[in-house]
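With the sequence shown counted from 1, adding 1340 to any position gets you this note's numbering.
Written out below as structure tokens is the structure these notes cover.
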Amino acid sequence: MSNSLLAAALSAVTKRSVITYDDYSNSKGGYDEYVQLDQKVLHQNHLVSGRVPTSNEVAQIQLYIQGFDDRTVTYNVEPNEQIHRLKSRIRDRMGIPLEAIRLLFAGRTLEDNYTLAHYKITSRSTIHLILRLQGGGDPSPTTALFIDPNSLDPSYDYDFTHIDDKGITFTRGNFEYKRPCGWKRIAINVLNKYSDNIWLGVNRESSTNSAQNEWPVSYHGTAIHNCKDIAEEGYDLCKGKRFAFGHGIYSTPDIDVAYSFAIKFTHEGDDYRVVFQNRVNPNSLIRVSKEETKVGEYWISPNDKDVRPYGICIKKEN
């Protein structure tokens, strides 16, 4: 797969200019500054988190976020939500990098680790969104992010475009693995990035079976579907259940479900979709079945450390 296609996909995900390493080396594009794309930050920033139904549901309040372009977006949140979570919602919905988001209420800058209630923010309040200045200035549109070749692992790339797994069952982490048939998978270099490689199943004896202590596979997209992201829709679909934790990371083992939340982008005249492929810690995983949601299986993990993106899947639209 061409690196330029990956750059286009990541540009769509980050809402920033992402270029290939070759273009960076040749200084193509006329940018004033070039910054290496941090893959770990990229994937952690684009996990989709949200509320999880609990037995102690708190009444939500409605907030208005007024942007720098005077556009106002409405959010329904809990009063005890922390500011950093509200910023994550804004990032997911408006495509603004977390580091660029500054929120003001009643003339005060809202700090990440405080709650809305701490600032006495009530329903129908208006919070102002200001783009944080880089070193005192606005995020520069003349800065390009370049892809470090060492952040990828082409030996694990796989083209599933014309593969049909009908009649074949694959497992990862003793869960069914629905391979991304119809997509091309670009592998992220994650070997030796954690305490061990067991979670990846590197010693798997068969392509269809799991290795011991391997983590199962899930997918997530970062786009909005029916005015909701995958976490907001997942919360609505899971309202009939109650969980021990009130906040989690949402994903799905079914790439067809993830497709609904896949960012759409155009490259060289063709339309594509992009989603992330993850490994999920099975010891903390909550599964909500297709029979319960009526649309597809959803997975909820209590912590971002329980979800490790290891691939980027791209599909060309028919």
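Where a beta carbon is used, it is the ideal one built from N, C-alpha and C, also for glycine.
Task: Start-end ranges of the alpha helix (DSSP H) lying completely within the segment 1568-1636, minimum 4 residues - done: Within the segment 1568-1636, the complete alpha helix (DSSP H) runs of at least 4 residues fall at 1570-1577, 1595-1599 and 1630-1633.
Open item on the list: Bridge partners for LEU1469 per DSSP, in chain order?
Closed with: Answer by DSSP bridge pairing, in chain order: LEU1443.
Task: Three-way DSSP call (helix, strand, coil) for SER1547 in this model - done: Here SER1547 sits in coil by DSSP.
TODO: Closer than 7 Å by C-beta to GLY1570: which residues in its own chain qualify, once you throw out the five before and the five after it? Chain order, please.
DONE: What sits at residue 1570 in the sequence shown is Ile, not Gly. Cβ-Cβ distances below 7 Å link ILE1570 to VAL1388, HIS1560, GLY1561, TYR1590 and PHE1601 in the same chain, with the five nearest sequence neighbours on each side left out; the list follows chain order.
Task: Identity of the residue in ASP1372, VAL1647 and PHE1500 nearest ASN1618 by Cα - done: For the set ASP1372, VAL1647 and PHE1500, the Cα lying nearest the Cα of ASN1618 is the one of VAL1647.
TODO: Determine the direct distance from the alpha carbon of ALA1457 to that of ASN1420, and round the result to whole angstroms.
DONE: The straight-line gap from Cα to Cα measures roughly 6 Å.
Task: Burial state of PRO1642, where buried means 16 or more other Cβ atoms lie within 10 Å - done: Buried.
Open item on the list: If you follow the alpha helix (DSSP H) that THR1354 is in, where does it begin and where does it stop?
Closed with: THR1354 -> alpha helix (DSSP H) spans 1343-1354.
Task: Three-state secondary structure (DSSP) of TYR1371 - done: For TYR1371, the three-state secondary structure derived from DSSP is coil.
- [ ] Return helix, strand or coil for ARG1648, following the three-state DSSP convention.
- [x] In the structure shown, ARG1648 sits in a strand (DSSP, three-state: E or B).
Open item on the list: Rounded to the nearest angstrom, what separates ASP1493 and ARG1519 at their Cα positions?
Closed with: When rounded, the distance between both Cα atoms is 18 Å.
Open item on the list: Can you look up ALA1457 in the DSSP assignment and give me helix, strand or coil?
Closed with: In this structure, ALA1457 counts as helix in the three-state DSSP scheme.
Task: 8 Å Cβ cutoff met for ILE1487 and LEU1382 - done: Inclusion of ILE1487 and LEU1382 in the CB contact set at 8 Å is not warranted, their separation being larger than that value.
TODO: Have a look at PRO1437 and ALA1349 and give me their C-alpha separation to the nearest angstrom.
DONE: Rounded to whole angstroms, PRO1437 to ALA1349 spans 16 Å at the Cα level.
Task: the segment 1442-1454 in contact with the segment 1421-1429 per 3-pair CB rule at 8 Å - done: Touching, per the Cβ criterion.
Task: Continuous alpha helix (DSSP H) stretch holding TYR1361: start and end - done: Counting along the chain, the alpha helix (DSSP H) containing TYR1361 begins and ends at 1361-1365.
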